[in-house]
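Report on one structure; see the data block that follows.
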Amino acid sequence: MFKTKIRWYKLVNSKSVLMDQIPDSGLKHYYLNSTNICIARNGTEFFAVRDKCPHQGKSFSAGGCVEDGKVVCPWHRYGFDLKNGRGAGLYVEVYPLEEREDGIYIGFEYFSWW
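Structure follows, in structure tokens:
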């Protein structure tokens, strides 16, 4: 029987690094675990989504923004909820972020036999 587990990867050394790098309502591209990730800032909160709009495959971080708790694609203005990835009939993959003493970590789900 498969179990879903999360493998954690360190993104940055502290939340203050993200605060310095990403303006409010801004987005930043990261490449981690062979995946293009878009980190979105909404006030003092940060969210992680796949940096690929499910509508046309364009990058969110290449000119997109955060509006009303959604990551907005710069190409067609579709918005996707930062917490659950829901959008206009489409979904974007979301990733959990975890703040630890030594930094901010991002989680990737995988299947395991045990």
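Letter by letter, the sequence shown follows residues 1 to 114 in my numbering.
Yeah, the Cβ is synthetic: ideal placement off N, Cα and C, and Gly gets one too.
- Assignment of beta strand (DSSP E) within the segment 8-83, counting only whole runs of 3 or more residues, yields 27-32, 35-42, 45-50, 65-67, 70-72, 79-81 in chain order.
- Boundaries of the beta strand (DSSP E) harbouring Tyr105: 103-112, taken from the DSSP string.
- By the C-beta criterion, the segment 92-101 is judged to be in contact with the segment 50-60, since at least 3 inter-stretch pairs fall below 8 Å.
- A direct Cα-to-Cα measurement between Glu67 and Lys28 gives close to 15 Å.
- Asn42 and Asn84 have their C-alpha atoms some 15 Å from each other.
- Val71 has its alpha-carbon roughly 13 Å from the corresponding atom of Glu45.
- Out of Met1, Thr4, Lys10, Phe2, the CA that lies nearest to the CA of Arg100 is found in Lys10.
- In chain order, Gly63, Gly64 place their CB closer than 6 Å to the CB of Pro74, counting only its own chain and leaving out the 5 sequence neighbours on each side.
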